[in-house]
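Q: In the numbering used here, the protein residues as written are 862 to 1409.
Built from N, CA and C at the ideal position, the CB exists for glycine as well.
Have a look at this one.
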Ligand code: SPV
Ligand code: MG
């Protein structure tokens, strides 16, 4: 850091809790019992959180008798701390054991960003102060002081706070005993004293405050004497008020009312407007932050490739089987052909899939695709379908026939293959060829020595011999385009649309037109491992293919 640069350090959570305790004015902290309630407390403006033992055990659905283990409490604290910036004071009951357990607790709390712990002078397992308080046994003063000292000795951050809670009034003792204990705990190193009372009037805590006379910060929990005007506490020199269980109780009252209403009315219509919207829940969870983070960190990892699948035709050759559905919905091994294609895309995180449908399009019920219609599918060909999918074109796109089955590496290799436009050509013997094969004539035939060298497409035709000589293989119906390739494609479609025979043109004519225009179409050679479905025989082969 350059010298002379002023840095403003945000005080850490421990320091902020200490400042709250030592503040000359009356401060307030509010109970929270999980991540979302902690966030709500913070948003309300509170400067600190009381991680109430009662509320945390209640949200787990168990009693406030150390039934939830201390590690379960700490686990919840971690969520609360992660989701907030304000300090958390844990209601640590009796410290969950002796001095040794207390030390481990303090260590773990500091590790998880908890600013302080309050321990009470009762015996483990404790009982809530408002249940049979008079019958509760208090801890031995010396033993409790040892616990305080052990905690103070082990803490790393000098501002980590240990609040000692005096339960003398709760257990039926008098002011003298309360003061005796408070004095001992103060001497042992407690950063503040919490004086607890279960009376409906503040008399005990006020009497204590007067005698205590600011020897150390004083904390109160006015759950029972809630009607006392806050000004009274201010005047009495109280440092910190804990509203100890009101988030839990608010939630419980609201949940009971809503559950009863929905149960009896059997509709959500009456309650929707009186509960938090789902959007509000997303906000509290920080969903937006994740979206932003995804923009920043995730874009390059996500596949941006868009796939346009041509699937408008019926598949006449498959006769009766396509009476009620298009060819792409024929089941292969129990799964529609198109579903299989979509699954291959998903494996490579290609999630933008547009299917241009036509014949019986209403029967295409595949999740995760966008469907675009070619309403004239009966009288038009592939290029009209492709033009119908034009709004889905992108600078990283694939055009495929919908009746293809292939091993996934072919798609992966195509994605990895450089070039503005790339076609996949099977240079194998082509024993599976049915229908009218699209023979590919290429600049160089496939040979092993070719590996890594560039090959260009010269022509596609279903003739077995042309002016280009013998075919080098068969185009399998997969085309890859990048930004420039997409522009060439769009220009070509605009030009070809002007032709009288546009309605009858197919993908081969498009490729040939592009080559004639001098646009390089690269060839990716493969050797089998794919098939398309044109006939009943193909269906059989397809079943074997999917299982082989
Ligand atoms: C708690 O919130 O768990 C407390 C305060 O210990 S009280 O329930 O008032 O004892
Ligand atoms: Mg408690």
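Going by alpha carbons, who is nearest to residue 1133 out of 1078, 1116, 1015, 1258?
A: Mapped onto the chain shown, residue 1133 falls at position 272. Nearest option by C-alpha distance: 1116.
Q: Under the criterion of a Cβ to heavy atom distance below 7 Å, does residue 915 qualify as lining the ligand MG?
A: As a position in the chain shown, residue 915 is number 54, starting the count at 1. Yes - the ligand MG has a heavy atom lying nearer than 7 Å to the Cβ of residue 915.
Q: Mind pulling the alpha helix (DSSP H) runs of 4 or more residues that sit fully within the stretch 1165-1229?
A: If we require 4 residues or more, the alpha helix (DSSP H) runs fully inside the stretch 1165-1229 come out as 1198-1208.
Q: Decide if residue 1270 is buried, meaning its Cβ has at least 16 other Cβ atoms within 10 Å, or exposed.
A: Numbered from 1 along the chain shown, position 409 holds the residue referred to as residue 1270. Exposed is the call here.
Q: Taking C-beta to C-beta, are residue 949 and residue 908 nearer than 8 Å?
A: For the purposes of this step, residue 949 is taken as residue 88 along the chain shown, with counting starting at 1. For the purposes of this step, residue 908 is taken as residue 47 along the chain shown, with counting starting at 1. No, the Cβ-Cβ distance between residue 949 and residue 908 is not below 8 Å.
Q: Please confirm whether residue 1078 and residue 1053 have their CB atoms less than 8 Å apart.
A: Taking the chain shown and counting its residues from 1, one reaches residue 1078 at position 217. Taking the chain shown and counting its residues from 1, one reaches residue 1053 at position 192. In contact: residue 1078 and residue 1053 (Cβ atoms closer than 8 Å).
Q: Can you tell me whether residue 1121 is buried or exposed, with buried defined as 16 or more other CB within 10 angstroms of its CB?
A: As a working mapping, residue 1121 is identified with position 260 in the chain shown. It is exposed - the Cβ of residue 1121 has fewer than 16 other Cβ atoms within 10 Å.
Q: Roughly how many whole angstroms lie between the Cα atoms of residue 928 and residue 1200?
A: Against the chain shown, residue 928 aligns to sequence position 67. Against the chain shown, residue 1200 aligns to sequence position 339. In a straight line, the C-alpha of residue 928 is about 51 Å away from that of residue 1200.
Q: Please tell me whether residue 1326 and residue 1383 are closer than 8 Å, where the distance is taken between their beta carbons.
A: On the chain shown, residue 1326 is found 465 positions in, with the first residue counted as 1. On the chain shown, residue 1383 is found 522 positions in, with the first residue counted as 1. No. Outside cutoff.
Q: For residue 1103, collect the residues of the same chain with a Cβ closer than 6 Å to its Cβ; drop the 5 residues on either side in sequence, then sort them by chain order.
A: Within the chain shown, residue 1103 is the residue found at index 242, counting from 1. Within the same chain, residue 1103 has close Cβ partners 890, 911, 1082.
Q: With a CB to CB cut of under 7 Å and the five nearest residues on each side skipped, what residues in its chain are close to residue 899?
A: Stepping through the chain shown from its first residue, residue 899 is reached at position 38. These residues qualify, in order along the chain: 893, 910, 941, 944, 945.
Q: Can you tell me whether residue 1292 is buried or exposed? The criterion is at least 16 other CB atoms within 10 Å of its CB, across all chains shown.
A: Walking along the chain shown from the start, residue 1292 turns up at place 431. Since pLDDT at residue 1292 reaches only 48, below the 50 mark, its modelled position is unreliable, and the value read off the structure follows with that caveat. When all chains shown are included, residue 1292 counts as exposed.
Q: For residue 1286 versus residue 1374, is the C-beta spacing smaller than 8 Å?
A: As a position in the chain shown, residue 1286 is number 425, starting the count at 1. As a position in the chain shown, residue 1374 is number 513, starting the count at 1. Not a contact, by the Cβ cut-off of 8 Å.
Q: Here's the rule: buried if 16 or more other CB atoms are within 10 angstroms of the residue's CB, otherwise exposed. What is residue 1228?
A: Numbered from its first residue, the chain shown carries residue 1228 at position 367. Exposed.
Q: May I ask whether a heavy atom of the ligand MG can be found less than 7 Å away from the beta carbon of residue 993?
A: Numbered from its first residue, the chain shown carries residue 993 at position 132. Answer for residue 993: no, Cβ out of range of the ligand MG.
Q: Confirm the yes/no value for this check: CB of residue 892, any heavy atom of the ligand SPV, distance under 7 Å.
A: Your numbering for residue 892 matches position 31 in the chain shown. Yes, since a heavy atom of the ligand SPV falls inside the 7 Å radius drawn around the Cβ of residue 892.
Q: Along the chain, which unbroken stretches of the alpha helix (DSSP H) at least 4 residues long are found entirely within the stretch 894-919?
A: You should have 896-905.
Q: Please report the Cβ distance between residue 874 and residue 976, rounded to the nearest whole angstrom; I am assuming they are in contact, meaning their Cβ atoms lie under 8 Å.
A: Locating residue 874 in the chain shown gives position 13, where the first residue counts as 1. Locating residue 976 in the chain shown gives position 115, where the first residue counts as 1. That belief holds up - the Cβ atoms of residue 874 and residue 976 are roughly 4 Å apart, short of 8 Å.
Q: On the DSSP letters alone, give me the boundaries of the alpha helix (DSSP H) that residue 931 sits inside.
A: Mapped onto the chain shown, residue 931 falls at position 70. First-last of the alpha helix (DSSP H) with residue 931: 931-943.
Q: Taking the C-alpha atoms as reference points, what is the distance between residue 1018 and residue 1010?
A: Taking the chain shown and counting its residues from 1, the one referred to as residue 1018 is at position 157. Taking the chain shown and counting its residues from 1, the one referred to as residue 1010 is at position 149. Rounded to whole angstroms, residue 1018 to residue 1010 spans 15 Å at the Cα level.
Q: Assign residue 1300 to one of two classes, buried (16 or more other C-beta atoms within 10 Å of its C-beta) or exposed (fewer than that).
A: Against the chain shown, residue 1300 aligns to sequence position 439. That one is buried.
Q: The ligand MG and residue 1257: does the residue's C-beta get closer than 7 Å to at least one heavy atom of that ligand?
A: As a working mapping, residue 1257 is identified with position 396 in the chain shown. No, since every heavy atom of the ligand MG falls outside the 7 Å radius drawn around the Cβ of residue 1257.
Q: Per DSSP, which one or two residues make a beta bridge with residue 1303?
A: Within the chain shown, the letter at position 442 stands for residue 1303. In the DSSP output, where bridge partners are listed per residue, residue 1303 has 1318.
Q: Identify, in the order they occur along the chain, each residue of the same chain with its Cβ nearer than 6 Å to the Cβ of residue 1007, setting aside the five sequence neighbours on each side.
A: Start at 1 with the first residue of the chain shown, and residue 1007 comes out as number 146. Excluding positions up to five away in sequence, the list reads 960.
Q: What runs of the beta strand (DSSP E), each 3 residues or longer, lie entirely inside the stretch 1345-1400?
A: The qualifying runs are 1383-1387, 1391-1393.
Q: Pick helix, strand or coil for residue 1330, following the three-state DSSP scheme.
A: For the purposes of this step, residue 1330 is taken as the residue at position 469 of the chain shown. Strand.
Q: Going by Cα to Cα distance, which pick from 1279, 1268, 974 is closest to residue 1021?
A: Indexing the chain shown from 1 puts residue 1021 at position 160. For residue 1021, the nearest C-alpha among the options comes from 974.
Q: Expressed to the nearest angstrom, what Euclidean distance is found between the alpha-carbon atoms of residue 1138 and residue 919?
A: Here residue 1138 refers to the residue found at position 277 when the chain shown is read from its first residue. Here residue 919 refers to the residue found at position 58 when the chain shown is read from its first residue. The straight-line gap from Cα to Cα measures roughly 25 Å.
Q: What's the gap between the Cα of residue 903 and the Cα of residue 897?
A: Reading the chain shown from its first residue, position 42 is the one you call residue 903. Reading the chain shown from its first residue, position 36 is the one you call residue 897. Answer to the nearest angstrom: the Cα atoms are 10 Å apart.
Q: Any heavy atom of the ligand SPV closer than 7 Å to the beta-carbon of residue 1105?
A: Reading the chain shown from its first residue, position 244 is the one you call residue 1105. Because some heavy atom of the ligand SPV lies under 7 Å away, the Cβ of residue 1105 counts as near it: yes.
Q: Given that a residue counts as buried once 16 or more other Cβ atoms are within 10 Å of its Cβ, and exposed if not, what is residue 1263?
A: The residue given as residue 1263 occupies position 402 in the chain shown. Burial call: buried.
Q: What's the call for residue 1395, buried or exposed, on a 16-neighbour Cβ count within 10 Å?
A: The residue you call residue 1395 lines up with position 534 of the chain shown. So residue 1395 ends up on the buried side.
Q: Closest by CA to residue 876, which one among 913, 971, 1225?
A: Here residue 876 refers to the residue found at position 15 when the chain shown is read from its first residue. The shortest C-alpha separation from residue 876 is found at 971.
Q: Given a cut-off of 8 Å on the beta-carbon distance, is the pair residue 1218 and residue 1148 in contact?
A: The sequence position of residue 1218 within the chain shown is 357, counting from 1. The sequence position of residue 1148 within the chain shown is 287, counting from 1. No.
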